[in-house]
Amino acid sequence: MTAPRLPLAFLQRPITHRALHGLDENCPENSRAAIRAAIAAGYGIEIDLQLSADGQAMVFHDDELDRLTDATGPVRARTAVELGTIALRHGDGECIPSFAEVLELVAGQVPLLIEIKDQDGAMGTNVGALEAAAIADLRDYQGDVALMSFNPNSMAEVARLAPHLARGLTTSAYDPLEWAPLSPARCDELRDIPDFERVSASFISHEASDVGCDRVRSLRAAGVPVLSWTLRTPAQEAEIAGLVDNVTFENYLSAFGA
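Just remember that the working numbering sits 58 ahead of the position in the sequence shown, which is counted from 1.
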């Protein structure tokens, strides 16, 4: 299978991490307000998807509701309707949006980088429902999109369900101390990005502090677009500018590539 090309738009403007949040106290991550702010600033947008109890793709980063809302427990224990009534902290009344709602809001105005969060728990093969839900929502969408996941099996499923969509691997140095409870053995397996060819990936989005590693340099030398996560200062950008093709950033206004 041939990898679809990553749309050029993903290399032409910096990408906001979980949309443009953190600069306004009423603009939490992955919120409609943060998405509107990113669009207004002309940035690309990265969002995260989790699955509802009734099989809908929801725009939310964590497995659990506790950090970002006053509710508790797993996202997957609530229906899409229930999740849509749960207010985001510091969101000025905003609640958890569905992926379909976000697509309607973005409407092709800026490129949309979609991270499918691991649903297996160990980067294994228990995937499929969230990928299918996301692709169903994207069926009639006309803007520039790309999907990615830390779990390579997720991207293999995207390749099977929607081979025309650009797909990538979110990658890391996989320090076992930072990735617990993921096993050290699985960290060792994932560190060298062994599944890139298997899933016919279009790009990688790699941990910024590790973009100088041999495997990332080799992929980029072979023409693979390398995005990076997550930049939090212009100084960090400057350090990796010659090693990546774009940045995913938060808590400042990026001018990468300008």
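Virtual Cβ for every residue (Gly too), placed ideally from N, Cα, C.
query	result
Ordered list of alpha helix (DSSP H) runs contained in the stretch 188-248, each at least 4 residues	210-219 and 234-237
Local conformation of residue 301 per DSSP, three classes	coil
Minimum C-alpha distance to residue 206 - residue among 197, 218, 224 and 198	224
Simplified DSSP assignment, three categories, for residue 145	strand
The stretch 150-158 in contact with the stretch 84-101 per 3-pair CB rule at 8 angstroms	yes
Residue from 295, 285, 296 and 291 with nearest C-alpha to residue 103	285
Contact under 8 angstroms by Cβ, residue 121 with residue 139	no
Per-residue burial, residue 71 [other beta carbons within 10 Å of its own, 16 or more giving buried]	buried
Segments of 4+ residues assigned as alpha helix (DSSP H) that fall wholly inside the stretch 269-293	272-279
Backbone CA spacing between residue 220 and residue 123 [nearest angstrom]	30 angstroms
Element boundaries [beta strand (DSSP E), containing residue 171]	170-174
Residues that residue 117 bridges to, as DSSP identifies them	107
Inter-stretch contact at 8 angstroms, needing at least 3 Cβ pairs: the stretch 189-200 / the stretch 231-241	no
Strand pairing of residue 74, partner residues [DSSP]	103 and 307
Local conformation of residue 122 per DSSP, three classes	strand
Member of 185, 173, 74 and 69 whose CA lies at the smallest distance from the CA of residue 308	74
contact_flag[the stretch 104-111, the stretch 172-182] where n(CB pairs < 8 angstroms) is 3 or more	yes
Three-state secondary structure (DSSP) of residue 152	coil
Residue span of the beta strand (DSSP E) that contains residue 265, given as start and end	261-265
Residue 161: first and last residue of the uninterrupted alpha helix (DSSP H) it sits in	157-164
Those residues which DSSP pairs with residue 127 across a bridge	146
Identity of the residue in 268, 239 and 200 nearest residue 228 by Cα	268
Beta-carbon contacts of residue 187 that lie in its chain and below 8 angstroms, excluding the five residues immediately before and after	109, 113 and 177
Distance between beta carbons of residue 118 and residue 154, contact taken as under 8 angstroms	5 angstroms
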